[in-house]
Structure formats: C-alpha cells, structure tokens
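Colleague: Residue numbers (this note's numbering), protein chains in the order written: chain A, 4 to 401; chain B, 4 to 401.
2 protein chains.
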Amino acid sequence: MPNETITAPEGFRANGVAAGIKTSGRLDVGLLVADAPTDAAAVFTQNRFCGAPIVVGRQHMKGGRLRAIVVNSGCSNVATGARGLADARATCRQVADALGAPVRQVLPASTGVIGEFLPMDKLGVGIDAALGSLSPSAAAGRRFARAILTTDLKIKQACRRVRLGRATVTIAGCCKGSGMIAPRMATMLGYLTTDAHLARGILNRLLREAVETSFNRVTIDECQSTSDMVVLMASGRSGRADTQKRLASFASALREVCESLAYQIAADGEGATRVLEVVVGGARTHGEAHAAARAIAVSPLVKTAVHGGDPNWGRIIQALGQTQVRYAPDHVTVRLGGIVLFRRGAPARNLDRAALGRLMRKKHVTISADLGAGTACDRVLTCDFSREYVTINADYHT
Amino acid sequence: MPNETITAPEGFRANGVAAGIKTSGRLDVGLLVADAPTDAAAVFTQNRFCGAPIVVGRQHMKGGRLRAIVVNSGCSNVATGARGLADARATCRQVADALGAPVRQVLPASTGVIGEFLPMDKLGVGIDAALGSLSPSAAAGRRFARAILTTDLKIKQACRRVRLGRATVTIAGCCKGSGMIAPRMATMLGYLTTDAHLARGILNRLLREAVETSFNRVTIDECQSTSDMVVLMASGRSGRADTQKRLASFASALREVCESLAYQIAADGEGATRVLEVVVGGARTHGEAHAAARAIAVSPLVKTAVHGGDPNWGRIIQALGQTQVRYAPDHVTVRLGGIVLFRRGAPARNLDRAALGRLMRKKHVTISADLGAGTACDRVLTCDFSREYVTINADYHT
C-alpha cells in the first residue's frame with residue numbers, strides 16, 4: 004500500500020512520541036520536518052485570546068518559509084502571558100538548532116488545556132526523541148497524525164495524487180478536530196504537505212480558497228478555538244504547477260484533501276454518531292445562504308433531533324426564522340434527503356414516515372432548505388448532538 | 004395565604020383544563036378572563052416563522068384592549084398556513100361569543116409541537132369546560148399557570164403588591180419556558196395581570212422596559228421560539244399610577260415580577276441543574292457588555308463545564324475571544340463568585356481550589372468578566388448544560 008500520510012509527498016519526514024504531557028500516556032509531541040526549507044502558507048484562528056504559539060507562528064510565517072512544524076497536545080499554551088511566549092520561542096529554537104535552520108523557519112503549535120504552562124522539560128525530551136528518529140515512512144506520518152489529537156477518537160488523514168504535465172505530485176494532510184470547532188478561518192490544527200512547486204503568492208491563495216470551502220464549512224459546537232491553524236508546506240521536489248491548467252488540477256486536489264479532512268472532523272465531532280450536512284439553496288446571496296445553513300447547523304434543537312432520528316422540520320424552520328436572511332416564509336421548501344417535509348408555509352402531506360426514519364438513521368443525514376428567494380447556495384457540515392458531548396465536556400477538567 | 008397567582012389582582016378569573024391535546028393527559032387549555040375589557044400591552048417573538056396565534060395576536064393587539072387570553076399547550080399551530088390562521092381566529096371567536104366580547108379582545112396562544120393542526124374538537128370542548136368554571140381563586144390561577152407548560156418541570160409564578168398613594172395594587176404573572184429560549188423580544192409565554200390603572204401608552208413602555216431587563220436577559224439554548232409573547236393586562240380596578248413617583252413604584256414592582264419569572268425560566272431550563280449568571284463589566288458600551296455576556300452564556304463548553312462543576316476559565320476567555328467586542332486581552336479579569344481566576348493575560352496563582360469547587364457546586368453560579376475597557380455592564384442568565392437536555396430534545400418526537 005502506498006504511503007498516504009503527511010510524509011507521502013517527497014521531501015518530508017515526521018515523527019510522534021509520547022512525552023508524558025498527556026496524562027493518558029498517548030502520543031503528544033509531533034514533529035514534521037522538510038529536508039530543505041519549503042515555501043509555506045498558513046491561516047490562523049481569529050480568536051482574540053489566541054495562544055502563544057499562534058502569536059509566534061504569525062511572526063514566523065512572515066518569512067513564508069518553513070523547515071519544521073512542532074506540535075504538542077495535552078497543553079495549549081494559551082493565556083500564559085510572557086512566559087508562554089518565551090516557551091513557544093524556546094521550543095522553536097530547540098528544533099531549529101537541531102536542524103541547523105533559522106528559528107523563524109519553525110512553526111510551533113500546542114493544543115489541549117488552556118491556562119497551563121508547557122511542561123518544558125517533558126516537551127524538550129520529547130522533541131529530542133522525535134528528532135532522533137524522524138522518518139519518511141507511513142508509520143511515522145501516522146504517529147505525527149496521532150500526536151496532534153486531543154479528544155479525537157480517530158486520526159484524520161487524506162492524500163491525493165495529481166498529474167502536472169509529466170510529473171505526479173502528491174498532496175497529503177492530517178488534522179485534529181473534535182471540539183471547539185467553528186468556522187472563522189482556521190478552526191483546528193491542520194497540516195498539509197505537497198511536493199509540488201508553486202509560487203508563494205499562489206500557495207497562499209490556494210490554501211485560503213481550499214480552507215474556505217472545507218474547514219470553514221464545519222461547525223461542531225460553534226466555539227472558535229484559541230489555538231488553531233492550517234499550514235501548507237510545499238517542498239517543490241516534484242512537478243511545477245506553473246500553467247493555468249496545472250494550477251487548476253492542483254487546486255482541485257488540494258480542495259479534495261481539505262474537504263476530506265473537514266468531513267472527518269465532522270464525523271469525529273465530540274459525541275458524534277452521524278454527520279449532518281445542511282444545504283441551503285435559493286438564497287439572495289452566498290453570504291445569506293451561508294448564514295441560513297449555519298443557523299440550522301448550529302441549532303442544538305436540530306442537532307438533538309438528528310441524534311434522536313426525528314425528522315423534526317419544525318426546528319429547522321425555527322432556526323431559519325431566527326436569521327436576518329431575506330426570504331418569504333411561504334416560499335421556503337425543506338427537504339430531508341430527497342423527501343419534502345415542508346412547502347409553501349405548510350407541512351407536506353402523506354409523508355412516508357418509514358422512509359424518513361431510514362434516512363434519519365443513516366451515518367450521513369442531509370437537510371436542505373430552498374429559500375425561494377434567489378440562486379445562491381452554500382453548505383455546512385456538522386454532527387449530531389449527543390449526551391456523549393456533554394459527558395466529554397463536563398468531565399474534561401482543567 | 005394570600006392569592007399570589009395570576010388572579011391575585013382584582014378583576015381577573017382563570018382556569019386550566021385537560022382537553023386531551025397533550026397525550027400525557029395533563030392540563031393543556033388555559034383561560035384568563037377579565038371581568039371587563041382591560042388596557043393591555045404585548046410583545047411578540049421576532050422569529051419570522053412565527054405561528055398563527057402570533058399573527059392573529061398582533062392584529063388583535065392593535066386595539067390595545069383585551070378581555071381574555073386563551074392558551075393551549077401540546078400543539079403550537081406554527082407552520083400551518085391558512086388553516087392554522089382560521090383555527091386561531093375560530094378559537095378567539097368561541098371565547099368572545101361566550102363572553103359577549105368583540106373577537107379582537109381575545110388573544111390566542113399555542114405552544115408545543117410545530118407543524119400540526121390544532122385538534123379543534125378537543126380544544127373547543129376544553130374551552131367550553133374552562134369557561135364553565137372560571138374562578139378568581141388561587142387554585143384557578145395555578146391551573147392556568149400549569150396549563151401553559153410544555154417541558155417545564157415547575158409552574159412559574161410571581162406576585163408583588165405595591166402602595167400607590169392610599170391604594171395597594173397587585174401585579175402578578177406566570178410564564179412557561181424551558182426550551183427554545185433566546186432573548187430577542189419575548190421568548191416564552193408570559194402573562195401578567197395588574198389591577199392598577201395606567202394610561203395605555205405608559206403600559207406599553209413599562210412592559211417593554213421590564214421585558215428588556217428580565218426575559219430578554221435569559222437564554223437557554225439560544226433558539227428563538229416561533230410562538231412566544233409577553234402580555235400585560237391592567238384591569239384598573241385598584242390604584243392609579245398617575246404620578247411620577249407612583250409610576251416609578253409600579254415600574255419597579257413590574258420589573259421584579261418579570262425578573263422573578265425570568266429567573267424561574269433559567270432555573271427550570273431543559274435539563275438544568277443550576278443557574279449560571281454571567282456578569283460583564285468594564286465594557287465600552289452596554290451593547291458590548293451584553294454581547295460579551297451573551298457569548299459566555301451561550302457557549303456549550305462553558306455550560307458543560309458549569310455542569311461538571313469545573314472552574315474552566317479557559318473556556319470563558321475562549322468565548323470572549325470569539326466576539327467583536329472591544330477590549331485588550333491583557334486587561335481582562337475573570338472571576339468565579341468573588342475569586343479571581345484570570346488577570347492580566349495569565350491565570351491567577353495559588354487558587355483555592357476547594358473554595359472554587361464549593362462555588363461551582365452551588366445552585367447559582369456567577370461568572371463575571373471585567374473587560375477593563377470602559378464602564379458599561381450587563382448580565383445574562385442561563386443554566387448549565389446536561390445530558391438531560393439532550394435526552395429531552397432527542398426524545399421529544401414530532
């Protein structure tokens with residue numbers, strides 16, 4: 004089986020080790036290293052209480068070149084003041100010194116509990132251990148993918164290969180999601196590698212576009228994290244995306260990787276038992292389509308109904324009614340899968356309740372609303388809302 | 004014990020009967036009747052998919068005079084098109100004819116499942132039964148308060164008496180809350196009676212002001228109902244609030260009644276085990292204080308932490324960081340009760356965790372944040388977020 008992990012593209016090695024930062028003893032330090040400096044692009048959380056690694060990461064990304072990404076889970080280094088900033092910088096320096104790279108070519112990231120200082124001794128040992136056995140193997144890629152997780156149940160990876168002229172380039176990624184997920188720029192940790200060569204400005208644009216239709220279309224609990232980012236590193240070791248056609252092929256594959264990862268985040272949302280896809284069409288503008296889809300996707304009443312397997316369209320129109328989006332209630336149609344639930348201001352007659360029940364119990368439930376007001380559409384992914392979400396978050400102690 | 008129900012003020016009778024609209028067999032039709040036409044004021048939900056009773060109620064309130072309010076629970080008559088409107092009007096007509104009153108002096112209300120037609124036969128029988136034994140007794144007032152409930156566990160009532168010159172006037176109210184509660188104007192069914200005499204314009208203004216600081220400061224799940232309203236009827240049978248001083252006394256008592264009812268809604272929120280009061284001070288504007296308090300109060304991460312008894316201030320600053328409110332993160336102080344958790348960008352040192360644990364396990368938990376940016380403040384009431392909320396809403400089938 005070919006390597007389909009973050010190390011699949013040429014020029015990358017990775018590792019993940021258990022440094023004891025997580026009390027569970029699971030992997031908690033991940034290192035992703037390029038053989039040589041790469042062109043890189045990143046988007047960061049817009050939360051204003053962002054963590055020290057975000058502050059440092061933004062500074063380092065000004066150079067636009069990255070050699071390594073160092074991630075720890077178990078402690079987010081958020082709200083840790085000057086000491087937190089110093090810790091994030093020291094972590095980068097340790098990696099940079101070992102690689103003989105400038106410190107600004109190392110991007111730090113931390114995820115986990117807010118408001119605690121990084122256990123620098125454990126982290127330092129973990130980084131040394133990870134540096135000692137970096138590998139381009141699939142096993143190493145998977146270890147990295149596992150080391151960045153918090154309450155996720157599964158590792159999240161995606162890989163696509165695409166022909167650019169005579170060369171085949173690879174795009175791979177992994178991410179962590181699970182809780183505190185809301186789309187306002189980057190909303191989790193997401194790492195992407197490719198061996199394609201692209202001009203740096205284009206790399207930036209393509210990343211932003213891909214994030215917009217993928218990670219920025221997922222909400223788990225509408226809580227915007229303080230730590231999150233999506234980063235793309237391009238080693239340039241394989242084909243060049245230097246024509247419009249090649250760029251389009253590359254962009255499409257990058258979007259597929261991001262959309263696959265985003266879907267995996269929704270499917271592994273805290274407590275999730277199924278994915279809910281909300282599609283809104285017939286809106287006046289794309290922004291209004293998004294606002295309407297988002298209103299439905301964030302409603303705890305809709306999400307608990309989906310959990311209970313109940314085609315409760317009343318809660319869908321309640322959520323729509325709460326928005327400022329322009330439409331006439333009498334023109335709205337609400338569907339579950341292909342079945343109309345509500346049309347022209349009234350419930351559909353003679354519903355096939357058995358068929359609805361079957362649709363609601365699937366692993367993927369699609370609710371669609373046509374606002375009958377225009378031609379714009381958008382979609383948002385989320386998951387159902389279960390007791391398990393409460394259990395996870397009521398028992399996850401600081 | 005004096006009557007402290009909705010019939011406590013002079014000039015009102017009430018009743019509540021079980022008409023079989025709720026399958027549970029509980030009281031589901033409530034009738035509140037004034038002995039003579041009263042001056043009245045009302046605020047209605049701003050949800051655009053509002054129910055037929057809201058549409059009819061808005062029309063009837065244009066007259067500003069009410070003789071009766073007829074409420075059913077178990078079926079909300081929302082999204083029921085022309086037939087729903089006809090049903091709401093027919094219900095008013097039945098009551099009006101029995102009382103010899105104009106139909107526009109009857110206000111209808113329905114709460115419960117969305118998208119089903121009212122069972123007019125059962126409702127008609129229930130209204131006749133309720134009309135047959137209207138009473139000014141406390142028992143009748145309690146029956147009315149019970150008949151308007153849906154998933155509420157407790158009836159919610161409040162009563163204040165206030166001296167206006169030589170007269171004593173009474174203000175009483177009851178409401179239903181529980182789920183689909185978010186503050187954008189009225190957000191539940193709330194009924195208020197008084198025997199004071201006030202000019203109608205003043206009645207309107209005082210109701211709006213009282214709702215603003217009470218019902219509009221409660222959120223359970225940030226879902227804005229399609230059915231809700233607050234109505235105040237003034238029989239004028241007792242003292243006149245006709246001087247500035249008397250008006251102020253009356254306004255203050257009215258606000259107390261509304262705030263007591265709002266608090267009861269938070270305490271009986273779906274699945275609630277404790278009330279969470281979020282106070283934000285030091286904001287640039289009142290609107291920003293409200294936005295910040297609201298952001299904390301709606302966060303499922305904060306609410307599950309409160310449920311778990313965990314002073315997780317990281318989630319509080321995460322919620323603050325997500326807003327557009329103006330402040331410098333380094334100037335923010337977060338307290339639980341009187342204990343500082345977070346100050347000047349860093350966690351407080353030497354926290355008394357035992358004291359914090361005791362505060363978190365109380366029935367009323369207060370989180371306060373000082374933004375250090377101005378002088379405006381506001382507060383929002385909500386409840387914790389439990390598995391029981393999910394159970395209630397996943398199992399409440401359409």
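Beta carbons are placed, not taken as given, at the ideal position from N, Cα and C, and that holds for glycine.
Which residue marks the beginning of the alpha helix (DSSP H) containing B:Arg329, and which one marks its end?
Modeller: Position 326 of the second sequence, counted from the start, is the residue given in the question as residue 329 of chain B. Taken as a continuous stretch (DSSP letters only), B:Arg329 belongs to no alpha helix (DSSP H), as it is neither H nor E.
Colleague: Near B:Ser263, which residues of its chain fall below 7 Å by C-beta distance, leaving aside the five closest residues on each side in sequence?
Modeller: Counting from 1 along the second sequence, the entry for residue 263 of chain B is found at position 260. Excluding residues within five positions, the ones whose Cβ falls inside 7 Å are Ala161.
Colleague: Can a CB atom of chain B be found closer than 9 Å to the CB of A:Ile9?
Modeller: For the purposes of this step, residue 9 of chain A is taken as residue 6 along the first sequence, with counting starting at 1. A:Ile9 does not count as touching chain B.
Colleague: For a contact meaning CB atoms closer than 7 Å, what does B:Ala82 contact in chain A?
Modeller: By one-based count along the second sequence, residue 82 of chain B stands at place 79. The answer, in chain order, is Gly317, Ile320, Phe345, Gly348, Ala349 and Pro350.
Colleague: In this structure, how does DSSP classify A:Leu195 when only helix, strand and coil are distinguished?
Modeller: Within the first sequence, numbered from 1, the residue matching residue 195 of chain A stands at position 192. The answer is strand: DSSP assigns A:Leu195 an E or B state.
Colleague: Classify B:Phe218 as helix, strand or coil using the three-state DSSP reduction.
Modeller: In the second sequence, counting from the first residue as 1, residue 218 of chain B sits at position 215. Residue state, collapsed to three classes: helix.
Colleague: Quick one, which residues of the segment 26-54 of chain B are near chain A if we go by CB-CB under 8 Å, in chain order?
Modeller: Correct list: Asn50, Arg51, Phe52 and Cys53.
Colleague: Rounding to the nearest angstrom, what Cα-Cα distance links B:Leu210 and A:Leu384 in this structure?
Modeller: The residue given as residue 210 of chain B occupies position 207 in the second sequence. The residue given as residue 384 of chain A occupies position 381 in the first sequence. The alpha-carbon atoms of B:Leu210 and A:Leu384 are separated by roughly 41 Å.
Colleague: What's the call for A:Thr197, buried or exposed, on a 16-neighbour Cβ count within 10 Å?
Modeller: The residue given as residue 197 of chain A occupies position 194 in the first sequence. Classification for A:Thr197: buried.
Colleague: Would DSSP call A:Ser136 helix, strand or coil?
Modeller: Sequence index remark: in the first sequence, residue 136 of chain A carries index 133 (1-based). In the structure shown, A:Ser136 sits in coil (DSSP, three-state: anything other than H, G, I, E or B).
Colleague: Using the Cα positions of B:Arg68 and A:Ser230, report the straight-line distance between them to the nearest angstrom.
Modeller: As a first step, residue 68 of chain B is located in the second sequence; it is residue number 65 there, counting from the start. As a first step, residue 230 of chain A is located in the first sequence; it is residue number 227 there, counting from the start. Cα-Cα distance, rounded: 56 Å.
Colleague: May I ask which residues mark the beginning and end of the alpha helix (DSSP H) holding B:Asp42?
Modeller: Within the second sequence, numbered from 1, the residue matching residue 42 of chain B stands at position 39. Premise fails: B:Asp42 lies in the beta strand (DSSP E), Val32 to Phe47, not in any alpha helix (DSSP H).
Colleague: Around the Cβ of B:Thr83, are there at least 16 other Cβ atoms within 10 angstroms (buried) or fewer (exposed)?
Modeller: Reading the second sequence from its first residue, position 80 is the one you call residue 83 of chain B. By the 10 Å Cβ count, B:Thr83 comes out buried.
Colleague: List the whole-angstrom C-beta distance separating A:Val221 from A:Ala286, where the pair is believed to meet the contact cut-off of C-beta under 8 Å.
Modeller: What you label residue 221 of chain A is simply residue 218 of the first sequence in a count that begins at 1. What you label residue 286 of chain A is simply residue 283 of the first sequence in a count that begins at 1. Not really, about 20 Å apart at Cβ, beyond 8 Å.
Colleague: Any C-beta of chain B within less than 8 Å: which residues of the segment 110-122 of chain A qualify?
Modeller: Going along the segment 110-122 of chain A in chain order, one finds Val116, Ile117, Gly118 and Glu119 with a Cβ nearer than 8 Å to chain B.
Colleague: Determine the closest residue to B:Asp124 out of B:Ala101, B:Asp90 and B:Phe47, with distance taken between C-alpha atoms.
Modeller: For the purposes of this step, residue 124 of chain B is taken as the residue at position 121 of the second sequence. Measuring from the Cα of B:Asp124, the nearest candidate turns out to be B:Asp90.
Colleague: What is the C-beta distance between B:Arg146 and B:Leu30, in whole angstroms, given that I count them as a contact (C-beta under 8 Å)?
Modeller: The sequence position of residue 146 of chain B within the second sequence is 143, counting from 1. The sequence position of residue 30 of chain B within the second sequence is 27, counting from 1. Going by Cβ atoms, the distance from B:Arg146 to B:Leu30 rounds to 6 Å, so yes, they are a contact pair.
Colleague: What are the partner residues of B:His63, as DSSP defines its beta bridges?
Modeller: Translated into the one-based positions of the second sequence, residue 63 of chain B becomes position 60. In DSSP, B:His63 forms no bridge with anything.
Colleague: Among B:Gln97, B:Val393, B:Ala295 and B:Gly33, whose alpha-carbon lies nearest the alpha-carbon of B:Gly274?
Modeller: Position 271 of the second sequence holds residue 274 of chain B. For the residues B:Gln97, B:Val393, B:Ala295 and B:Gly33, the minimum Cα distance to B:Gly274 belongs to B:Val393.
Colleague: Quick check: the segment 161-179 of chain A against the segment 238-251 of chain A, are there 3 or more CB pairs under 8 Å?
Modeller: Touching, yes, given that three or more Cβ pairs across the two stretches are closer than 8 Å.
Colleague: Report yes if the CB atom of A:Ile57 is closer than 9 Å to the CB atom of B:Asn315, and no otherwise.
Modeller: By one-based count along the first sequence, residue 57 of chain A stands at place 54. By one-based count along the second sequence, residue 315 of chain B stands at place 312. No, Cβ-Cβ distance for A:Ile57 and B:Asn315 is not below 9 Å.
Colleague: Taking Cβ to Cβ, would you say A:Asp38 is nearer than 9 Å to A:Ser238?
Modeller: Residue numbering aside, residue 38 of chain A sits at position 35 when the first sequence is read from its first letter. Residue numbering aside, residue 238 of chain A sits at position 235 when the first sequence is read from its first letter. For A:Asp38 and A:Ser238, yes; Cβs fall inside 9 Å.
Colleague: Taking just the CA atoms, how far does A:Leu279 sit from B:Asp313?
Modeller: Working through the second sequence from its first residue, we reach residue 313 of chain B at position 310. Working through the first sequence from its first residue, we reach residue 279 of chain A at position 276. Whole-angstrom Cα-Cα distance: 30 Å.
Colleague: Who are the neighbours of B:Val393 on chain A, taking C-beta pairs under 8 Å?
Modeller: Position 390 of the second sequence, counted from the start, is the residue given in the question as residue 393 of chain B. Correct list: Thr307, His310, Phe388, Ser389, Arg390, Tyr392 and Val393.
Colleague: Kindly say whether B:Asp231, judged by its beta-carbon, lies nearer than 9 Å to any beta-carbon of chain A.
Modeller: Looking up residue 231 of chain B in the second sequence gives position 228. It does not; no Cβ of chain A falls within 9 Å.
Colleague: Let me check understanding here. Comparing Cα to Cα, which of A:Pro40, A:Asp42 and A:Ala85 lies closest to A:Ala55?
Modeller: Numbered from its first residue, the first sequence carries residue 55 of chain A at position 52. The shortest Cα separation from A:Ala55 among A:Pro40, A:Asp42 and A:Ala85 belongs to A:Ala85.
Colleague: Along the beta strand (DSSP E) that carries B:Phe15, what are the first and last residues, could you check?
Modeller: By 1-based counting over the second sequence, the position of residue 15 of chain B is 12. Phe15 to Val20 is the extent of the beta strand (DSSP E) around B:Phe15.
Colleague: With a Cβ-Cβ cutoff of 9 Å, do B:Arg2 and B:Gly311 count as a contact?
Modeller: Beyond the ends of chain B as shown, which are 4 and 401, falls residue 2 of chain B; an answer cannot be given.
Colleague: Nearest-angstrom Cα distance between B:Glu259 and B:Leu235?
Modeller: The sequence position of residue 259 of chain B within the second sequence is 256, counting from 1. The sequence position of residue 235 of chain B within the second sequence is 232, counting from 1. So the alpha carbons of these two residues sit roughly 14 Å apart.
Colleague: What's the call for A:Ala331, buried or exposed, on a 16-neighbour Cβ count within 10 Å?
Modeller: In the first sequence, residue 331 of chain A corresponds to position 328, counting from 1. Exposed is the call here.
Colleague: From the beta carbon of B:Ala397, is the nearest beta carbon of chain A less than 9 Å away?
Modeller: Residue numbering aside, residue 397 of chain B sits at position 394 when the second sequence is read from its first letter. Output row for B:Ala397: interface = yes.
Colleague: Mind listing the chain B neighbours of A:Leu323? Cutoff is C-beta to C-beta under 8 Å, in chain order.
Modeller: For the purposes of this step, residue 323 of chain A is taken as the residue at position 320 of the first sequence. Here the neighbours are Arg51 and Phe52.
Colleague: Please state whether DSSP places A:Thr83 in a helix, a strand or coil.
Modeller: Position 80 of the first sequence, counting from 1, holds the residue named residue 83 of chain A. Correct three-state label for A:Thr83: coil.
Colleague: So which residues on chain B does A:Pro56 lean against when the C-beta distance must stay under 9 Å?
Modeller: Along the first sequence, read from residue 1 onward, the residue named residue 56 of chain A stands at position 53. What A:Pro56 touches in chain B: nothing, since even the nearest Cβ is about 15 Å away.
Colleague: Quick check: what's the CA-CA separation for B:Leu339 versus B:Arg382?
Modeller: On the second sequence, position 336 is the one that residue 339 of chain B refers to. On the second sequence, position 379 is the one that residue 382 of chain B refers to. Spanning the two alpha carbons is a distance of roughly 14 Å.
Colleague: Do B:Gly66 and B:Arg107 count as a contact pair if the criterion is CB distance below 9 Å?
Modeller: Here residue 107 of chain B refers to the residue found at position 104 of the second sequence. Here residue 66 of chain B refers to the residue found at position 63 of the second sequence. The answer is yes: Cβ separation under 9 Å.
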